[in-house]
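Written below as structure tokens is the structure these notes are about.
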Amino acid sequence: MMTWQKNHTTSLLIGILLIVLPVFYFVYAGVSWRPLNPHEHLVQNGIAYLFFLLFSYFNHTVFVPRWFLAKQYRRYAIVAISCVLAAAYLPYRIEQWVFFKPPLEKTPMGWFRQLFMEEMMLSRPFERGFHSHPGDHKPFFKPSDKQASSFPDGPPPMERSGFHHGGPFTLLLPVKLAILFLLGSVSTLLSVSVQTSNRLRKVENDQLQAELQQLKAQIHPHFLFNTLNSIYALAIRHDERTADTIVKLSEFMRYMIRDAHRDTVPLETEIKYIANYIDLQKARLQDAVQIDYRLTGEMDHWQIAPLLLFSFIENAFKYGVSPEEDSLITIHLDIQNNELRLYVLNNKVQISQFEKSTGVGLQNARERLRLLYPAAHTLIIDDALTHFSVNLTLSLS
Numbered sequence: 385m386m387t388w389q390k391n392h393t394t395s396l397l398i399g400i401l402l403i404v405l406p407v408f409y410f411v412y413a414g415v416s417w418r419p420l421n422p423h424e425h426l427v428q429n430g431i432a433y434l435f436f437l438l439f440s441y442f443n444h445t446v447f448v449p450r451w452f453l454a455k456q457y458r459r460y461a462i463v464a465i466s467c468v469l470a471a472a473y474l475p476y477r478i479e480q481w482v483f484f485k486p487p488l489e490k491t492p493m494g495w496f497r498q499l500f501m502e503e504m505m506l507s508r509p510f511e512r513g514f515h516s517h518p519g520d521h522k523p524f525f526k527p528s529d530k531q532a533s534s535f536p537d538g539p540p541p542m543e544r545s546g547f548h549h550g551g552p553f554t555l556l557l558p559v560k561l562a563i564l565f566l567l568g569s570v571s572t573l574l575s576v577s578v579q580t581s582n583r584l585r586k587v588e589n590d591q592l593q594a595e596l597q598q599l600k601a602q603i604h605p606h607f608l609f610n611t612l613n614s615i616y617a618l619a620i621r622h623d624e625r626t627a628d629t630i631v632k633l634s635e636f637m638r639y640m641i642r643d644a645h646r647d648t649v650p651l652e653t654e655i656k657y658i659a660n661y662i663d664l665q666k667a668r669l670q671d672a673v674q675i676d677y678r679l680t681g682e683m684d685h686w687q688i689a690p691l692l693l694f695s696f697i698e699n700a701f702k703y704g705v706s707p708e709e710d711s712l713i714t715i716h717l718d719i720q721n722n723e724l725r726l727y728v729l730n731n732k733v734q735i736s737q738f739e740k741s742t743g744v745g746l747q748n749a750r751e752r753l754r755l756l757y758p759a760a761h762t763l764i765i766d767d768a769l770t771h772f773s774v775n776l777t778l779s780l781s
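The numbering of the sequence shown is the numbering used here, which starts it at 385 and goes up by one.
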């Protein structure tokens, strides 16, 4: 999810670049036919460009998630408006403080006039004779006689900097506000979309985990009671396999209790306990069933969901064994490269109504495959009149 979030943030920044750069070019091309100093306002616009990026980024990653989506609209509005005003005002002021002198009247009105009157004059070029002949030039802002006598070396700093002529890189205040509004809207919509998608993903993931836990809890341990009965019978006969059967049963139960809650386990561990389970069934059933179990391939470092294969094998012993009928169970397990193939075959026998009503193993396995390996498995089940087979192909990578 974190990677997905970073990808969307990167997409946002690329979108900002694509939006802002053409605007810079448009403003430059629109006024560059009358340049005074081609690098005069490069600093201001570079700072403004940085402010645009920062505003959009923090609006996307901080302001919207923390305040807008939390329904703290007043706080979000205050922060957003403050950032917009700062992005529109500070680049100009930074350039003035660093490269130019302060206004002649060092009062709030003087600072206000130097900022906003300059922007008004840039936005009304025809009133100040922008396209007129030099002799017809009538500036929009004319200093008083007192002010004119105060600067014999030339016009005030605002005039000396060429602001009245609109330097080739100067961004007009309406353009700045329009860009900020556009970027704010885009970043807000994208942030809302990302946060909504994240919440949906979290809900889906929580539902998935809850469903998986429920499915794991449904693994029917009926074989435990049958195996305990078999061990009891072996103990009565003083069979030498009694101790070994108890050890294997304890190991298998430890595996179910300790590892079944994990997301994945080593494939080697899963197959080891499948072999233990088959040995337990051999000890329990003795000559009542013929078991053909074959394992081929290398298990290497592969991981698998715990008890996933076990459900199919348990189903074969649960519904394919009867004391009154000949029973045959075939289990072939093959691992080649990153692909696992499981083939399980059992003939159909008569089972009790109780066994029919409590069987959830296959449905459990289907659901877990659907949730854990949605596009990485193929399951073919053949429910014929005389036999039942499962053919599973699973991608382990």
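Even glycine gets a Cβ: it sits at the ideal position worked out from N, Cα and C.
Which of the three DSSP states, helix, strand or coil, is assigned to R725?
-> strand
With 16 other CB atoms within 10 Å as the buried threshold, where does T611 fall?
-> buried
Other residues of its chain near Y460: CB distance less than 7 Å, five sequence neighbours each side excluded = F447, W451 and F452
Can you name the start and end residues of the alpha helix (DSSP H) that L776 belongs to?
-> Here L776 belongs to no alpha helix (DSSP H); instead the beta strand (DSSP E) covers H771 to S779.
I688: which of A659, T653, L729 and L717 sits nearest, CA to CA?
-> T653
If you compare alpha carbons, which of F436, Q665, F696 and Q720 is closest to S706?
-> Q665
Limits of the alpha helix (DSSP H) - the one that L692 falls within = L692 to Y703
Collapsed DSSP secondary structure at Q687 in the structure displayed = strand
Extent of the continuous alpha helix (DSSP H) to which V446 belongs | Taken as a continuous stretch (DSSP letters only), V446 belongs to no alpha helix (DSSP H), as it is neither H nor E.
Residue range of the alpha helix (DSSP H) that V785 falls in?
-> Since the first residue of the chain shown is 385 and the last is 781, residue 785 is not available in this structure.
Please check the pair L726 and L693, which I expect to be a contact at CB under 8 Å, by giving their CB distance rounded to whole angstroms.
-> 6 Å
Nonlocal neighbours in the same chain, by C-beta distance under 8 Å from K455, ignoring five residues either side = none
If F439 and C467 are in contact, beta carbons under 8 Å, what's the gap, nearest whole angstrom?
-> 5 Å
CA nearest to the CA of T762, picked from S779, W686 and N721 | S779
8 Å Cβ cutoff met for S634 and A667 = no
Which partner residues does D623 have in the DSSP bridge list?
-> According to DSSP, D623 bridges with nothing at all.
Can the beta-carbon of S711 be found less than 8 Å from the beta-carbon of V733?
-> yes
From this set, N660, Y703 and F696, which residue's C-alpha is nearest I764's C-alpha?
-> F696
Alpha carbon to alpha carbon, how far is N443 from V587?
-> 25 Å
Within 8 Å, strictly: CB atoms of T714 and D676 = yes
Using the Cα positions of A659 and H645, report the straight-line distance between them to the nearest angstrom.
-> 20 Å
Would G704 pass as a contact of F772 if the rule is Cβ separation under 8 Å?
-> yes
Check N421 in the structure and name its three-state DSSP category.
-> Note on N421: pLDDT 45, under 50, position unreliable in the model; no value is reported.
Helix, strand or coil at Y757 [DSSP, three-state] = coil
Per DSSP, what kind of secondary structure is R646 in: helix, strand or coil?
-> coil
Taking all protein chains shown into account, decide if T629 is buried (16 or more other Cβ within 10 angstroms of its Cβ) or exposed.
-> buried
For Q456, does the three-state DSSP call read helix, strand or coil?
-> coil
Based on the DSSP secondary-structure assignment, which residues constitute the bridge partners of I675?
-> I713
Report the rounded CA-to-CA distance for T777 versus A432, giving the unit in angstroms.
-> 58 Å
Could you tell me whether the Cβ atoms of E636 and Y616 are closer together than 8 Å?
-> Residue 636 is actually Phe in this sequence, not Glu. Against a cut-off of 8 Å, the Cβ pair of Y616 and F636 comes out as no contact.
Where does L584 land, buried or exposed, given buried means 16+ other C-beta within 10 angstroms?
-> exposed
Write down the C-beta distance between N730 and A700 rounded to the nearest angstrom, noting that I regard them as a contact closer than 8 Å.
-> 4 Å
Please classify E708: is it buried, with 16 or more other beta-carbons within 10 angstroms of its beta-carbon, or exposed?
-> exposed
Beta-carbon separation (whole angstroms), P655 vs L717, contact threshold 8 Å | Looking at the sequence provided, one finds Ile at residue 655 rather than Pro. Sure, about 7 Å apart at Cβ, within 8 Å.
Determine, using beta carbons only, whether P690 and V649 come nearer to each other than 8 Å.
-> yes
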